[in-house]
Amino acid sequence: MQNFELNNGVTIPMLGLGTFQMSPDQAQKAVVSALESGYRLLDTANAYLNEKAVGRGIRESSVTRQEIFLSSKLWPTVYQDKTAVDKTLRRLGTDHLDLLFLHQPAGDFMAGYRQLEQAYRDGKIKAIGISNFHGKKLTQLLEQAKIKPQVIQVEAHPYYTQSEIREVLTPYGIKLMAWYPLGHGDHSLLNEPLFTKLAQKYGKSNVQIILRWHVQMGFIVIPGSTDPKHIKDNANIFDFELTPEEMAQIAKLDQKKRYYIPNDAREEQYAQMQMDFEAQK
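By our numbering, the letter at position 11 of the sequence shown is numbered 191, and the numbering carries on one by one without gaps.
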């Protein structure tokens, strides 16, 4: 597994396992499978309600915690809860996180960000992340942050390359972590003739071509799968390289098409969406 370096000198694997929409049982098994397949980056969230299971998967595996880059996300309802970081650590069964995000630009997100900054100073987290921030809220956070974030997690794929946000992030050296990296399973994207052609050339699958495109774009990519074969195949992207000409061809596929449309009203609903994080199995 190859790594990127974040703007604070911390290294992060280029590819990891996303656990969005996985049940606790699925997440635990997927984590074990991923770690056995060479993954060292695992991503979860308070709101996924599988943090305890991810922690169990880590302990069940033969890989030590020190070898793993573990990330989670605070949900907006706990941005003002001074115990939120410690509770997240306890659910995961760890004394630190390698990366902790604010999950949504909702509610008092600057209070949440101050929590992350303090956790960073205290050594409880090694890097700070923001997820789904955009527009004025992104600008506000970047202007007011005393410690600039290391990572932003947003939807990104060949149909939507986040060119505007990337332009904003560049001066700060903030890395992009892509969710929906395969376009939410859109068959039109997965079966693009260009990807089929490149897959034949390199002896890879269309999915592997897309994931390779992500890392060559400089994106950290976290495809989610519960199938051990798919998990293993998704990591098999480091033995070939797309040419600059092929990357330029893929760039022409950008349609500004996204599968999740954010808006202020929807985001503020998240700040009212209470979940019992401790009740998870």
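All residues carry an ideal CB built from backbone N, CA and C; glycine is no exception.
Spatial neighbours of K326 in its own chain (CB-CB distance under 7 angstroms, excluding positions within 5 residues in sequence) are listed in chain order as E297. Taking the C-beta atoms as reference points, S203 is found no nearer than 8 angstroms to A225.
Comparing alpha-carbon positions, the option among G189, Y440, M181 and N188 lying closest to A358 turns out to be Y440. Taken in chain order, the unbroken stretches of beta strand (DSSP E) that lie wholly in the region 291-371 and span 3 residues or more are 308-311, 331-335 and 355-359.
In the structure shown, V401 adopts extended strand secondary structure according to DSSP, grouped into three states.
Separation of the CB atoms of K355 and Q330 is rounded to 7 angstroms, and the pair is thereby assigned contact status at 8 angstroms. Ranked by Cα distance from L186, the options F420, G309, Q435 and Y382 are led by G309. The C-alpha of F457 is placed about 11 angstroms away from the C-alpha of R270.
Around the beta carbon of A214, a 10 Å sphere encloses 16 or more other beta carbons of the protein chains shown; the residue is thus reported as buried. In this model, Q333 and N230 are separated by some 19 angstroms (Cα to Cα). Under the Cβ criterion (8 angstroms, minimum of three pairs), the region 195-210 counts as touching the region 397-406.
Burial check for A459: the Cβ neighbour count within 10 Å stays below 16, so the residue is exposed. Residue range E231 to E240 is occupied by the alpha helix (DSSP H) that includes I238, with no beta strand (DSSP E) assigned at that position. Within the same chain, Cβ atoms closer than 6 angstroms to the Cβ of V212 are found at G237, E240 and S241, the five residues on either side in sequence being excluded. For N386, the enclosing alpha helix (DSSP H) begins and ends at N386 to Q396.
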